[in-house]
Structures are given as C-alpha cells and as structure tokens.
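Read the structure below first, then the notes.
Protein chains in written order, with our numbering: chain A, 79 to 723; chain B, 88 to 430; chain C, 35 to 362.
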C-alpha cells in the first residue's frame, strides 16, 4: 500500500538516531551480536585482570606441565609449552581485535574513497578505478598476503598493513554502486539545480546515504580481517611477540596436540575466533536488516484461510447491464490484513455483480483497496491478507471457499488479470512466447506443441504484435508492447472475466489510448466481461458500463456510468469529479479534495470519508453509513445524506 | 552479436589481469627482501665469490629491466641494454616455456612439482564446490520458500555460523574427530597402495578425500545458502511470480520455472567473485589434511622458505582463479538473456 | 517591451553522443534530444511544454537550468546570455530559475528534515546568514506552499508526509530563493487525481501573487488546460505547434496536436467522441525519419512530407505550426 499519513500532528524535533535505536533494539540477531562483541572487547581490555597467569613468563613450568587436561588450576588445560591456555587465550583476544579493527580501518578508508570517487565523478576516473578494483578482486588475496608476509617480517604492523591494503575491493564495489544509485536520485539533481557544488552534495546528500551501507560492510571487513589474521598465524606467519588464537592453533597442531589427544588445546582457540567472527556476522546481518528493511514476505507464502462471520446480506444489488446473465457475484466481501495481531480492515463489505460482456470500472485513490479487492477475487492476497467475510460466486461455486488446487483451475481459464506494470509482471529471463505458451499448457496440457505455437502467434497477432517478436525477451519490447503482450497472455485461456489493474499507468498518452482502444475492441469481439481498475475518471467515462467508486476500503457509490457522472449522490464522487480536469469545460476551476485518504491502520470511526467531506455533520463522525439502495436498487451510495430518499 | 562483444571484453580483461599478475609476481619477489642471493648475503659463511656465483646462477647479475639495474636498493641502469638480456624478459620467456625455476627443497623444476599438485587441488575444489552449491542452493530454496518459519530461522542461523567458522579450525576439529573414527589423518593415499587394483586405489583416495571435502562443503555451503535465500526472497516477491500464480501454476512449477533461474543469477556472480576466497579456504584445508595440492605447496613453501615454489604457486593459483572467473562470466551470459542483447 | 521578456531561447540544440567511434571505426551517432527550439516567455506567464516521452521536453528543461550544456543556440534569461555561463555566473542565475521535479518521493533526501531541505538553498547561496532570519524565510516559503502552520512540518522527515505534501515541500524549497522562473517537470503526474488539482492551483496562485513565470512540462494536455497561457507541443526534439492555449485547444493545426487532444478523456459518458489513435510509437531519436519527422505516423500524410521538412509557419499572429498542410 502506498505511503499515506493521516492527520498531521505538531511535530517535535526527533533525531533519526533515536528511531534507528528503536528498530535496532527490536532486532534480536543484531542485539545478540552486539552482546557477544561487547564481551569480547571487555575481555580484551581487562585481559591482565582476568588472566590467572602471565602468558609471557615461563617461570616454574616444567616438562610435566605439557598438555595437562583442564583442571582447577588450569581451567582450560595447558599447551605444548606447559603454559596456561586460558591466560594465553584471554590475551589472544587483544591480537584478534586489534588486527581486525585496524586492518579493516585501512581497507574501509581505501575502498570507501575509491568507491566514492569512482561512483560520484564517473567517466574516465571511474573506468580506471573500477578496472583496477576488478583486477585486484580477481587476484586471490590470501595467497598474495601469504607471499608478502612471508617475504617481509611477520610483525603485527606488517600483518595489519598487508591485510588492510588488500581487503578493500568489496568495499570499493559496494560503495561505488551505492554512490551511483544515490547520485542518480532526483534529490541530487535538485541540489545541483539549487546551485550546490560537489563538496556540498557529497557531504549532505551522498555520504548520509552511503554511510549505513559502509558501516555494514565495515563490520564484515573486520570479520574477514580477523579470519585472515588467524589463517596467517596458523600457517606460521604470525607475530611471535603477540600470541594470537591462530598461533595457539598453529603450535598445538604442529606440536603434537593431535597425537597427544589434547583436544582442549585445539578446541579453545578456535572457539575464540568463532565467537568474535560470529558476533560480527550476526551484527552485520542484523544491521543490514535494520538499515535496509525488506519485506520478509513473498508470493509463495501460504495465504490465510477464509473466515466466515455472519453475513449481513444486502439484497439484490443490480446495476449495469441488467439484461445479461450474471457471471461474477461478489457478496459482502471483507478483507483484513492481519499483522502482529493488529487487524487492518482493508476492504469492508463490498458487493457487486459482473454481467456477461459488462465493463465495470473500479475507481478510487491509491490505497483505497481496489487492488486488494481484485487480488481477493483470484485469491492472490499476500500472506497477511485474509478474506474475513463474504462470498465470490463464479460458475456456481464460491471462490472464497475453494481449495488451492481447485482455485488453480479457475485462475486464468476463468478469470485472468492484466497487471499494472507489465515490465515487472513478465519474467525477464524467459521469452514472451514461452510465457504465453506456459499458461496455455497449464490449462490444456494435452494440446500438441504445433497447436500451442499457432495459438501463441494468433494471440500476439490479436494484440498487434508481429509473430517474429514471439521469441524475444521482455526487455526487448517497448512499454506499450509489453502491455499488449500481457493482454495476449491474459486472453490465452479464453477467460470469461478479465481484470485490468491500472493497465495504462506509466504509459504515454498515445500508447495509453492505443491500449484502451485495443481492450475495448477485444472485449466487444470476444464478449469478455472486464473489471477495469483505475484512478482516471476520464477513462472510465469513455469506456465503462458501470462504475464502483471505493473510498478507504468501502463502497462509496455504485451505479451505471451515466448515473455516476450526471447524478452522483455521494459527496466523494462529486468531489472527485470536481477535481478532474475537463477540457470540454475550460472555465471550470479545479477544486481539490482537502486532506488525504485514511491509512488502513488508522481508519476513522464513522464514515471513512467524513474527515475530508465538505458536507459532513456530527453523525458522520460516529456512525458508519449503510449501503443505501436508490432507484430501486440500480444505484447504491453509502452516505447518511441519501438515507431518506 | 552483443554477447560476443561481452565475451570478447571479458576475455580481453582476463588476459590483461593475467599479464598484471605476471608483472606483479616478478616485481613482488624483487622488491621485497626475499631473493635467495640476498638471503644468502646474510649468511656469514658464504664468500663473496659464492654469493656472486649464486647471483649468476639465478640470473640476478643481469639488469632487472631496461633503465633499472636493481630494485632494492633502487638503482637506475643503462636504458640501452639489450632488452632480451634483462631479468624481466628472461622471466617472461621462461614462463612462456613453462619454466618457473627450480625448487630449493625438491631440487626439481617448480613447474613439475606444481603441475602434479594442481590436479589434486582441482579434484578437491571441484567436488567440494559442486557439493556446496547443490546443498547450499537446496537449503536456500527451502529456507526462502518456508520464509519466517522455524525451518527458515534454523537455516539462517546455521548459515551464519558456518560462515563464521575458520576453515582450518573446522578442518582440525573434523580431523580430530575423524582420526578417532577410522578416518586417515592426512595425505592423498595410504602408503603402499600403488600395488593394489585401480578401484581399491580409487576407494582409498576417496576415503582420504572425504573429510577435506566435508570441511570445504560446510564452509561454503553456508554462504551459498544465505545468498540463495535472500536472492530467492527477492525473486519470489516480484510481480512475475504473482503473474505465474495467477496463471494457476502450482508452487512447484513456479519455483522450478520462474524462480530458480532468476534466483541463481546473483549466486553465479558471487561464486565467480568468491573464487579468490575459495582458494584461501583450500590453502587451509590442504595444510590441515596434508592434501598434496597447490595450497599445501604454498603452505610448505612458507615453512621451508622455498621461494621459487611460492612464486610459481602464487602465479598458478592467481591464473587459475582468473580463468575460472572468466568461465563464470561466460555461464552468466548464457543464463541471463539481458547480457546477450543489451550492451 | 523587451524588458517584459524573461526568457528567450534561440535555435537551441542539445545532442547526446549515442555511440562513440570505437576501435572498429563506427560512425559517430547522436541522439537529437532537442533540435532547434525557439521560445519566448514573458514575465508572469505560464507556458506548457507538451509531448510524449522521448520528445525532448525534459532535456530542454535541464538545458535551460544549465544542468546540461547546450550543443548550439542561445538561452537569454533576463537579458543575459546564460548558455555557456561559468559556474560562478550560473550560481547567480540559479537563484532566479528554480525547478520542481516529477517524483516527490525521489526528489527529497530521506535523511534530511523538511527544515533542512528548505534551508539548504539559502545556505548554498549564503542568503540570510542570521539563523532567525533564515528560519523566518523557510517558514514563509512553507506556508506559501500551503504547509500551514509551518512549525508542524519543520522537524518531519519526507517519509512522514504524503505525496502531495512532499510536492509542496519541493515547491517551498524552490520558493525560498524567490525565483522569477519556475520549471515544473511533470509535477503532478505521480500524484493521485484528487491531489493534482491542489498542486496546480498552488502554482496558479503563486503566479498571481508573486508574478512568477512558469514552464510547465507535461505529457497530458488535460492537466494544464486552464492554467497555461501558451502551449508548445513537442515531437522528436522539435516544437511542432505553439500558440496561446485558446488557439491550440480550439483550433489545433498540426495532426499530432489534433491526435493528442482527441485522446484526452472527457469525464462525461454522454460526450464520448472519436479518438485519433496514432499507430506505433515515437521513433528512436537517433535515426530520425526523413522529411517531416512526424510523417511515418501521420494520419494525413502526403507524398511531399517524406522529403520536405516543414518549419514553424504562422497561422495567426499568436499561433504557429510546422505542417506542410499549411502551405496550401
């Protein structure tokens, strides 16, 4: 659903950090990671206090002390030199963390600078820098680090420096792509339009949006650096004056811990590395979830079952083509979004009928529940959506009560849908013809391949696409062609009902007109019933037989197209018409409807339109109006003002 | 047409990168204080004559390249020298003939030593990589499909843990466990096996290969699973999945025909980019399990200060990774039609 | 009165390089985004630039803003030629030309508060250095843009506002510099119909109260019908028809204009009319058609149109069109 804000309340200055902390503290993975990391840092800082022995001193150690099992004196046993493993282990945390933080600092500064410069300035500079980065990325860094450290002196400084200087490639790539993404956003163009120079734009517009990703990346770079250090030490290239966990493992492994069965000497240092790296991994993963929240839901998650409460039946709603038989009969349909035990009534008590050959327009502002309603007809609601009441009668069965398999038979062969953005509704890696054939084969599995092919060509021809484009991919089509292909696909299984969900938004006016004309022609030629979802009142007036106006999830008005445009009774319909430009009446000043549609989780108590309604009175704010039948049932409006007519 | 341009570009770039590595490899071993003669100089037992003999033997008496006599300490030299008689040219010419010097330790040509070992590494990486991809992808699919269930969280956490494990340590732990459960403690085969029939030998090698492969699989499986999961989560939230569902396709059909290929695309890129890291893992695994591969050779060369092996090993590993990376790019261009038709 | 003219565009061209001559000696190709455009805009006037995507209207606006360098021609703003102005000069005239973008979700930085967004132009130009004065100007700009009371909005972030409110913030960010000319690039096309009217009304009011000239770029003639004084219809980088709104609406001359007008839906089912639907799509601006650029899609094409490229011809004193039908 689109972003909408309900009432504006006086705001107080609030720092984005506070908001960040709120979300962060709710992310269990991230908090757990921070906790683990904090323990490691504290251990490293207070190592001299915690460690019972001095790992540097070998006073009083004899041959009998080698590889002693864990005991009261040596909690984690002793190593190959008879030293206390626990104490060495505690001091080892210092080495790991120091190397990790300093090396990653070098990497992040180099990578960040290269990525930022390449991404922001583009052109030749970018080409050069990114070619260099790609080259460095392909060269395996650990062997290179091993070679360099082996050729120089394995001091802590060298290790930090070498790990740092070869660990920046991923950072550079990530920062560059984020910089590019931010740079192409309109607010950067706006800043340039204001007259701001590059330093200003980088500081105020690019960096704040690159920073979060850089931080996440930095955390992962730290963990890689720590792993690299431990590997170096394990190979025997550690700084002999600073015993790290990797070195402890090197000594134990190469000096007989395995044959002595001294599992403690092998296990303990590794646990330290895992602890620190895991804490960083968890923190990084959690931070990414916090900073870059994705919908953790998708279209294949199981839907919620239909719930039936006591249906309040609205008798005989009839409008549109009354003489034709009824194809689709929607009765008292209500849809809820259930999220974290909060229930949002996305659609409430909507009824309508679709007759054979009828073109029904479904009109409303974004967020009014149009798409939700249409998705419910095909039972394609997202995982949080449920049909909480009502029936959808189609071919003598209630779609609301069907099982998934039976529903799959109805989909496309009974009711098909044309989605809003054809670019996203077509699979980019499969040819258009293939995607049409797939639908045909699903519902007519016995059809021989030759016939399927002929049918695909026939369908494409029907929508004005030449057969040679059959084997092309969606990205090779223009926007208009993609929408035509989508229409061809929708018609492939001879459905009785086609839902067109804003099929022309984001298309140019002339292409829009072409698509609308095509739809209108096809429906007449094939005798289709069409539900046309749109916010464009002009298109509805030009094409539709009947109109259902929705507001905030409920029916505002439902009548024939002529009634809606010439004798609308609901104030919302009336206001909407006043806001629509009409070149046939050039002197009319447009009036906007003040305010904004309600958010689904903050619906007003009485009439949902009351806060914006010019005619609202007291009752409207407390009582939701019923659906009133006017003209003997041909015209429905849900407004207290029409009650007595 | 455009795909050829893409391939040509990538091939050209791989070639350039190989050249870069060759040059880097040459200078690295001359800039850094590791050449054998200089090591020798520190040895007080050697006479001046011996040192000079060593220098001549390794060709170090010749100028590095035109205009440069020595690099550390840096000295300009004669620019007019015969370019074919410089250290750099001789290095390149030898490389083209497959000569990478003589190992100090084995006293055999480096190329021979490494060539045997290359195949052992390929076997280990090949098996481990295929297993890791299969297992990671399968788990990733299940986790994404069953998003926000216990299965998903379990997969997520185990993936993050597997990602955090130091490869060599996991190898040690498995080796420790395996040595108590009848697994060999290292190497490629049991001594004396060569007299047995071929199948028995093969079984013996597989037996030795088992733990290293398991280590490899665990370490990389976690990452592949996490990437597959998140990429599939994105794909499954796309509109075309909704279209597929609206067409009446079953969940299995949607996963197979619409989600898998699209979800694999980022994975192919990551696998290609990760080949460098993969090598890091192999060095560790081979050194823990004494597997006679390239990584093990590198490890031993560090311990033995066997610089020719180190130099040759690094070059061979880097070139292999570059070639494998190119192969991954080619695979990508076959998987994604958008590469073929847009520039 | 030459003083009355705020902006004059003469023979403006903007070509983009499409392919550079590479190693394999291909010819240089160009995208003819804006190709020989002449415009005049008077103080306090509103002109609508209408055309489909690819007609060059957005490139034209970016070139006017100095965000793209013109290939040829001149842009004269308030008597000064700013076509190839230096960065310093540009900064000065940018105070007086401001721009409003299409997508209010994209044109606000999500990490800045509304106050920071509207204050930014003042900081960049070093105007009103005193904090109180600055804040007063920001408040005024917000309230003039219909965000009243301003204090309710100062500390909000863009994501806390609705689409219409964001577009008002964008407008406030432009107004705070007290510009003389506002370039509005599809300012309402991303908004719901019910909200479009309020933004257009706001622009109309600003023009009245502040005498700001407006260049309104849109693909939909319907939205600007009432509001613009002049309209220029663009096709493939050229202006094909220009005149007062009355002239063009009542008596369109160019077949393209006629088609565009015919497909504007009328919200009255009793007035369903015949639409002129053009075949195909706007051609690629790299390989331009010969002769009249519109001829491959023109419903009344003549054989002469394939060779002869018509220039703007006078229909009335205030109305010009580029069509060979007018020659007769």
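All C-beta atoms in this analysis are idealised placements derived from N, C-alpha and C, irrespective of residue type, glycine included.
Check this for me: beta carbons of residue i and residue j, under 8 Å apart or not?
| i | j | result |
| --- | --- | --- |
| residue 351 of chain A | residue 253 of chain B | yes |
| residue 252 of chain A | residue 438 of chain A | no |
| residue 436 of chain A | residue 638 of chain A | no |
| residue 273 of chain C | residue 282 of chain C | no |
| residue 30 of chain C | residue 67 of chain C | Residue coverage of chain C in this structure runs from 35 to 362, which leaves residue 30 of chain C outside it and unanswerable. |
| residue 302 of chain B | residue 261 of chain B | yes |
| residue 99 of chain A | residue 188 of chain A | no |
| residue 209 of chain C | residue 179 of chain C | yes |
Span of the beta strand (DSSP E) holding residue i?
| i | result |
| --- | --- |
| residue 193 of chain A | Here residue 193 of chain A belongs to no beta strand (DSSP E); instead the alpha helix (DSSP H) covers 163–199. |
| residue 493 of chain A | 493–496 |
| residue 624 of chain A | 624–629 |
| residue 707 of chain A | 706–708 |
Is the Cβ of residue i closer than 8 Å to any Cβ of chain C?
| i | result |
| --- | --- |
| residue 651 of chain A | no |
| residue 222 of chain A | no |
| residue 102 of chain A | no |
| residue 600 of chain A | no |
| residue 399 of chain A | Only weak support exists for where residue 399 of chain A lies, its pLDDT of 49 falling under 50; the value from the coordinates is given anyway. No - not a single Cβ of chain C is within 8 Å of the one on residue 399 of chain A. |
| residue 364 of chain A | no |
| residue 556 of chain A | yes |
Distance check for residue j and residue i, CA to CA, integer angstroms please.
| i | j | result |
| --- | --- | --- |
| residue 367 of chain B | residue 335 of chain B | 47 Å |
| residue 70 of chain C | residue 108 of chain C | 10 Å |
| residue 440 of chain B | residue 140 of chain C | Limits of chain B in this structure are 88 at one end and 430 at the other, which puts residue 440 of chain B out of reach. |
| residue 114 of chain B | residue 362 of chain B | 24 Å |
| residue 178 of chain B | residue 304 of chain B | 38 Å |
| residue 191 of chain A | residue 200 of chain C | 33 Å |
| residue 337 of chain A | residue 194 of chain A | 52 Å |
| residue 544 of chain A | residue 299 of chain B | 56 Å |
| residue 107 of chain A | residue 375 of chain B | 32 Å |
| residue 397 of chain A | residue 205 of chain C | Reliability of the predicted coordinates at residue 397 of chain A is poor, the pLDDT of 48 falling under 50, and the value obtained from them is presented with this limitation in mind. Going by the C-alpha atoms only, they are around 44 Å apart. |
| residue 281 of chain B | residue 172 of chain A | 49 Å |
| residue 81 of chain A | residue 386 of chain B | Annotation note: pLDDT 35 at residue 81 of chain A (below 50); position unreliable, coordinate value reported separately. If you take the alpha carbons of residue 81 of chain A and residue 386 of chain B, they lie about 58 Å apart. |
| residue 403 of chain B | residue 382 of chain B | 11 Å |
| residue 44 of chain C | residue 586 of chain A | 28 Å |
| residue 333 of chain B | residue 269 of chain C | 39 Å |
| residue 353 of chain C | residue 660 of chain A | 23 Å |
| residue 399 of chain A | residue 264 of chain A | Residue placement at residue 399 of chain A is poorly supported in this model, since its pLDDT is 49, which falls under 50; the coordinates still yield a value, given next. So the alpha carbons of these two residues sit roughly 47 Å apart. |
| residue 337 of chain B | residue 537 of chain A | 24 Å |
Regarding residue i and the ligand GDP, is the C-beta to nearest heavy atom distance less than 7 Å?
| i | result |
| --- | --- |
| residue 409 of chain B | The model depicted lacks the ligand GDP and carries no ligand whatsoever. |
Does residue i have its Cβ less than 8 Å from a Cβ in chain A?
| i | result |
| --- | --- |
| residue 155 of chain C | yes |
| residue 251 of chain C | no |
| residue 256 of chain B | yes |
| residue 108 of chain C | no |
| residue 320 of chain B | yes |
| residue 257 of chain C | yes |
| residue 87 of chain C | yes |
Could you tell me whether the Cβ of residue i comes closer than 8 Å to any Cβ of chain B?
| i | result |
| --- | --- |
| residue 344 of chain A | yes |
Considering residue i, what are the terminal residues of the alpha helix (DSSP H) in which it resides?
| i | result |
| --- | --- |
| residue 226 of chain B | 197–232 |
| residue 159 of chain C | 148–159 |
| residue 724 of chain A | What is shown of chain A runs 79 to 723, which leaves residue 724 of chain A out entirely. |
For a minimum of 4 consecutive residues, which ranges assigned as the alpha helix (DSSP H) are wholly contained in the segment 364–409 of chain B? 381–391
Unbroken stretches of the alpha helix (DSSP H), 4 residues or longer, contained in the segment 216–246 of chain A: 219–229, 234–243
Which residue spans inside the segment 295–374 of chain A form an unbroken alpha helix (DSSP H) run of at least 4? 323–332, 335–338, 341–369
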